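S.K.: I have a structure I would like to understand better, so I am pasting it below and will then ask my questions one at a time.
There are 2 protein chains.
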Amino acid sequence: MSLKNDLYLRALKGEEVSRPPVWMMRQAGRYLPEFMELKKKYDFFTRCQTPELASEITLQPLRRFENDAAILFSDILVIPQAMNIDVYMEPNKGPVLPNPVRTASDLDRVVVPDVNDSLSYVFDAIKLTLEMLDNSVPLIGFAGSPWTILCYCVQGEGSKNFDKAKKLCFSDPQTAHDLLQKITDTTIAYLKAKAKAGVHAVQVFDSWGGMLGPEDYEEFSLSYMRQIVTALKDEIPVVLFGKGCWFALHEMAKTGASALGVDWTCSARNARYLSGGQITLQGNYDPSRLYSPAERIKKDVKEMIQAFGKDRYIVNLGHGILPDIPVDNARAFIEAVKEYA
Amino acid sequence: MSLKNDLYLRALKGEEVSRPPVWMMRQAGRYLPEFMELKKKYDFFTRCQTPELASEITLQPLRRFENDAAILFSDILVIPQAMNIDVYMEPNKGPVLPNPVRTASDLDRVVVPDVNDSLSYVFDAIKLTLEMLDNSVPLIGFAGSPWTILCYCVQGEGSKNFDKAKKLCFSDPQTAHDLLQKITDTTIAYLKAKAKAGVHAVQVFDSWGGMLGPEDYEEFSLSYMRQIVTALKDEIPVVLFGKGCWFALHEMAKTGASALGVDWTCSARNARYLSGGQITLQGNYDPSRLYSPAERIKKDVKEMIQAFGKDRYIVNLGHGILPDIPVDNARAFIEAVKEYA
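Residue numbers (the numbering used here), protein chains in the order written: chain A, 1 to 341; chain B, 1001 to 1341.
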């Protein structure tokens, strides 16, 4: 069955389009009142692990706005959970991993799981969501980058600088690399199974890549993302998003990824230049700029499309939407793209 | 009286040197056992506000290592304190401002103080420190950038994204600009008084500049730093350090600043290119890389000097030193620069 709206997939292929596609990072989530209702009833991982809830949350934003893609509601930390590393979500704090991996012996208990067993709920959620989408728009699957997953596994919680994670990498690089390889092997199997379950593209989030300098980024992050792209790209388009990773866009563009996400500190002009000018780019509106009045948002979005160009471009935020953004401001963002046509 | 070691000031002037000067951001601080002893006895602002303590802490690292400059022990948040905004330092958390500025009416209670009155303890500390230094090395004074100070004044505490600060800027820009101008006026008077008290150079820390996109950076941060440089540069060399502000290096270089600090995500080559190739640069070793073995640190520092070039360059970290760095690793960093000669 062909998709009714394949704008997103055509942008990933670099085809000419009448207007760029638009979706919003974490579009399913905390800024929607209907999401907050579900949040009151079910805890975080129950929402992730119950296919009916995950697919319902995935579809919520599409009932309000005409997004050109859906992204499966889930979390990057389902991977360490499946690898036998406990993860809890603490309200008003975020993820907590009570038994972090900090030594070679800690690594012994970390497994590369059979994803079809331990993460079957994700593939069930994909199948259910695809039924509900009824070929309206493509469905995006995602995973964290191995480096970003390592950050949580070692630090044990969110952090401003992930000093404990970097300490492991720089004082005991062998253990860091062994952990990164286990995460990479799991992530490849996971994304292949997602592709098999039917998602149309996958995005790898390197949320904490910008904590590393260029050489350390190559060693501890990009070399593992490259393995993922190489393993997946003949089956499904892969999008790499590295927050703060402007310095690596040139190398990221050479991995075989279909598109690169950029954040708002990297202008359209710099992003096109640094990525070599050929690859599709995605981004990059400052999520805080959605606090602006609706008219300003619309003006900014139109200027952003002009700066990136309508082709080889996917309109998005430069990071996830903030929880207290008014729904009307999110609507203005989406509508501005439709008005561009 | 001329300085016995004026390497740092010569690098700021762009003069040829036999080796680059070196100092470490927050070199006076938490990684030194003798600092931790004082910390047990006196709370944070007592240490800042007591000239004998501030000058003692300033000199502690110089007794261990041959740094080429001293930086006065103080804090960027003495400015909001002097402007009638309460600031407390909460152990294991950081700064807390219990009455943040979030509306136009909140701004009424914010004053532009007579710095010679409210911040006289800083100028007394400078005079005492200069006596103790006895013309051995130059003394650096500093302030936060107006944008970075606004971040704390509005958010009320540290933050991963300073969403409340950005919300004020984007939803009520007039109030944000009025606050920024008050901070700027205070900062100019403060840095002029520091120059008069005898510091040899001043550095402006824009720690949170990298939270803004290029256009917002110009509007909410750089335009105010430009006012500071314009007001100060004929009296004293000014160094601008913006963490994550690679995208603004070109404009920062045109302000009249004597040098620009860069962080470790911006390679020497990118930093020279982006800043126009003429201005002195300072940085940019990843503070977490000091967790590496001493031999690796020495190798990295030598490569860093080769990459930046020995002239128009000041060896430093790309941000502040972390509290659990072994003293011997800090020593390896300093020694590598001396061995380069």
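A virtual CB, placed ideally from N, CA and C, is assigned to each residue, including glycine. Remember, predicted model here, so these are calculated numbers, not experimental data.
With a threshold of 16 other CB atoms inside 10 Å of the CB of residue 286 of chain A, please say whether the residue is buried or exposed.
M.R.: Taking the first residue of the first sequence as 1, we reach residue 286 of chain A at position 286. It is buried - the Cβ of residue 286 of chain A has at least 16 other Cβ atoms within 10 Å.
S.K.: Would you mind telling me which residues of chain A sit closer than 9 Å to residue 1045 of chain B, beta carbon to beta carbon, in chain order?
M.R.: Working through the second sequence from its first residue, we reach residue 1045 of chain B at position 45. The premise fails here: residue 1045 of chain B is roughly 22 Å from chain A at the closest Cβ pair, so nothing lies under 9 Å.
S.K.: Looking at the unbroken beta strand (DSSP E) that takes in residue 259 of chain A, where does it start and where does it end?
M.R.: Numbered from 1 along the first sequence, position 259 holds the residue referred to as residue 259 of chain A. Per DSSP, residue 259 of chain A belongs to the beta strand (DSSP E) from 259–261.
S.K.: Using a cut-off of 8 Å between C-beta atoms, extract the partners of residue 160 of chain A located in chain B.
M.R.: The residue labelled residue 160 of chain A in the question sits at position 160 within the first sequence. Chain B residues near residue 160 of chain A: 1158 and 1160.
S.K.: Please report the straight-line C-alpha distance between residue 56 of chain A and residue 73 of chain A, rounded to a whole angstrom.
M.R.: Here residue 56 of chain A corresponds to residue number 56 of the first sequence, with the count starting at 1. Here residue 73 of chain A corresponds to residue number 73 of the first sequence, with the count starting at 1. Their backbone Cα atoms lie some 9 Å apart in a straight line.
S.K.: What are the residues that DSSP puts in a beta bridge with residue 1139 of chain B?
M.R.: Taking the second sequence and counting its residues from 1, one reaches residue 1139 of chain B at position 139. Note: residue 1139 of chain B sits in a beta bridge opposite B:1070.
S.K.: Give the straight-line distance between the Cα atoms of residue 1146 of chain B and residue 1044 of chain B, rounded to the nearest whole angstrom.
M.R.: Here residue 1146 of chain B refers to the residue found at position 146 when the second sequence is read from its first residue. Here residue 1044 of chain B refers to the residue found at position 44 when the second sequence is read from its first residue. Rounded to whole angstroms, residue 1146 of chain B to residue 1044 of chain B spans 22 Å at the Cα level.
S.K.: To which residues of the same chain is residue 1180 of chain B closer than 8 Å at the C-beta, ignoring the five residues directly before and after it?
M.R.: Here residue 1180 of chain B corresponds to residue number 180 of the second sequence, with the count starting at 1. Closer than 8 Å at Cβ, skipping near neighbours: 1146, 1147, 1150, 1220 and 1224.
S.K.: Below 8 Å on the Cβ atoms is my contact criterion, and I expect residue 342 of chain A with residue 121 of chain A to pass it. Report the Cβ-Cβ distance as a whole number of Å.
M.R.: Examination of residue 342 of chain A is not possible in this model, given that chain A is present from 1 through 341 alone.
S.K.: Compile a chain-ordered list of the residues in the segment 252–270 of chain A whose CB is closer than 8 Å to at least one CB of chain B.
M.R.: 264, 265, 266, 267 and 270
S.K.: CA-CA distance, residue 163 of chain A and residue 5 of chain A?
M.R.: For the purposes of this step, residue 163 of chain A is taken as the residue at position 163 of the first sequence. For the purposes of this step, residue 5 of chain A is taken as the residue at position 5 of the first sequence. Distance between the alpha carbons of residue 163 of chain A and residue 5 of chain A: 44 Å.
S.K.: In chain B, which residues lie less than 8 Å from residue 214 of chain A when you measure between Cβ atoms?
M.R.: In the first sequence, counting from the first residue as 1, residue 214 of chain A sits at position 214. In chain order: 1265 and 1267.
S.K.: Is the segment 313–322 of chain A in contact with the segment 1013–1023 of chain B, if contact means three or more CB pairs nearer than 8 Å?
M.R.: no
S.K.: Using a Cβ-Cβ distance under 8 Å, would residue 1163 of chain B count as near chain A?
M.R.: Here residue 1163 of chain B corresponds to residue number 163 of the second sequence, with the count starting at 1. Yes, contact with chain A.
S.K.: Between residue 82 of chain A and the rest of its own chain, which residues show a CB-CB distance below 6 Å, the 5 nearest in sequence each way excluded?
M.R.: Reading the first sequence from its first residue, position 82 is the one you call residue 82 of chain A. Same-chain partners within the cutoff: 113, 118 and 119.
S.K.: Check each candidate in A:198, A:8 and A:19 and name the one with the smallest Cα separation from residue 335 of chain A.
M.R.: Walking along the first sequence from the start, residue 335 of chain A turns up at place 335. Of A:198, A:8 and A:19, the residue nearest in Cα terms is A:19.
S.K.: Check the DSSP bridge columns for residue 206 of chain A and list the partner residues they point to.
M.R.: Position 206 of the first sequence holds residue 206 of chain A. Residue 206 of chain A pairs with A:242.
S.K.: Using a beta-carbon distance cut-off of less than 7 Å, what residues from the segment 290–302 of chain A approach chain B?
M.R.: 291 and 292
S.K.: From the DSSP output, read off the bridge partner residues of residue 317 of chain A.
M.R.: The sequence position of residue 317 of chain A within the first sequence is 317, counting from 1. DSSP output for residue 317 of chain A lists A:285 as bridge partner(s).
S.K.: Mind listing the chain B neighbours of residue 93 of chain A? Cutoff is C-beta to C-beta under 9 Å, in chain order.
M.R.: Within the first sequence, residue 93 of chain A is the residue found at index 93, counting from 1. Going along chain B, no residue has its Cβ under 9 Å from residue 93 of chain A, so there is no contact; the nearest lies around 12 Å.
S.K.: For chain A, check one thing: does any of its Cβ atoms lie closer than 8 Å to the Cβ of residue 1123 of chain B?
M.R.: Taking the first residue of the second sequence as position 1, residue 1123 of chain B is located at position 123. It does not: the Cβ of residue 1123 of chain B has no partner Cβ on chain A nearer than 8 Å.
S.K.: Which runs of the alpha helix (DSSP H), 4 residues or longer, sit entirely within the segment 113–175 of chain A?
M.R.: 115–118, 120–133, 146–155 and 163–171
S.K.: Smallest Cα separation from residue 278 of chain A: which of A:297, A:265, A:296 and A:254?
M.R.: By one-based count along the first sequence, residue 278 of chain A stands at place 278. Of A:297, A:265, A:296 and A:254, the residue nearest in Cα terms is A:254.
S.K.: Can you tell me whether residue 1089 of chain B is helix, strand or coil according to DSSP?
M.R.: One-based indexing of the second sequence puts residue 1089 of chain B at position 89. Here residue 1089 of chain B sits in strand by DSSP.
S.K.: Is any non-hydrogen atom of the ligand NAP found closer than 7 Å to the C-beta of residue 1222 of chain B, if you look at the structure I gave you?
M.R.: The model depicted lacks the ligand NAP and carries no ligand whatsoever.
S.K.: With 8 Å set as the bound, which would you pick, yes or no: does the beta-carbon of residue 144 of chain A sit closer than that to a beta-carbon of chain B?
M.R.: Taking the first sequence and counting its residues from 1, one reaches residue 144 of chain A at position 144. No, no contact with chain B.
S.K.: If I follow the unbroken beta strand (DSSP E) through residue 1095 of chain B, where does it start and stop?
M.R.: The residue labelled residue 1095 of chain B in the question sits at position 95 within the second sequence. That run of the beta strand (DSSP E) goes 1094–1096.
S.K.: Where do the N-terminal and C-terminal ends of the alpha helix (DSSP H) with residue 306 of chain A fall, by residue?
M.R.: Position 306 of the first sequence, counted from the first residue, corresponds to residue 306 of chain A. From DSSP, the alpha helix (DSSP H) with residue 306 of chain A extends over 294–308.
S.K.: Pull out every residue of the segment 308–335 of chain A whose Cβ sits closer than 7 Å to any Cβ of chain B, in chain order.
M.R.: 322
S.K.: Where residue 252 of chain A and residue 1103 of chain B are concerned, what is the direct C-alpha to C-alpha distance, given to the nearest angstrom?
M.R.: Against the first sequence, residue 252 of chain A aligns to sequence position 252. Against the second sequence, residue 1103 of chain B aligns to sequence position 103. The alpha-carbon atoms of residue 252 of chain A and residue 1103 of chain B are separated by roughly 43 Å.
S.K.: Based on the DSSP output, what are the partners of residue 1022 of chain B in its beta bridges?
M.R.: The residue you call residue 1022 of chain B lines up with position 22 of the second sequence. Residue 1022 of chain B is bridged to B:1315.
S.K.: Leaving out five residues before and five after residue 230 of chain A in sequence, what residues of the same chain have Cβ atoms less than 7 Å from its Cβ?
M.R.: On the first sequence, position 230 is the one that residue 230 of chain A refers to. Result list for residue 230 of chain A: 256, in chain order.
S.K.: Would you report the Cα separation of residue 1008 of chain B and residue 1186 of chain B, rounded to the nearest angstrom?
M.R.: Here residue 1008 of chain B is taken as the residue at index 8 of the second sequence, counted from 1. Here residue 1186 of chain B is taken as the residue at index 186 of the second sequence, counted from 1. Their Cα atoms are separated by approximately 27 Å.
S.K.: Consider the Cβ of residue 1120 of chain B: report whether some Cβ of chain A lies at a distance smaller than 8 Å.
M.R.: Taking the second sequence and counting its residues from 1, one reaches residue 1120 of chain B at position 120. It does not: the Cβ of residue 1120 of chain B has no partner Cβ on chain A nearer than 8 Å.
S.K.: Report the residue from A:300, A:35, A:139 and A:22 whose alpha carbon sits nearest the alpha carbon of residue 126 of chain A.
M.R.: Taking the first sequence and counting its residues from 1, the one referred to as residue 126 of chain A is at position 126. Ranking the options by Cα distance to residue 126 of chain A, first place goes to A:139.
S.K.: With a threshold of 8 Å between beta carbons, is residue 1247 of chain B in contact with chain A?
M.R.: Counted from its first residue, the second sequence places residue 1247 of chain B at position 247. At least one chain A Cβ lies under 8 Å of residue 1247 of chain B.
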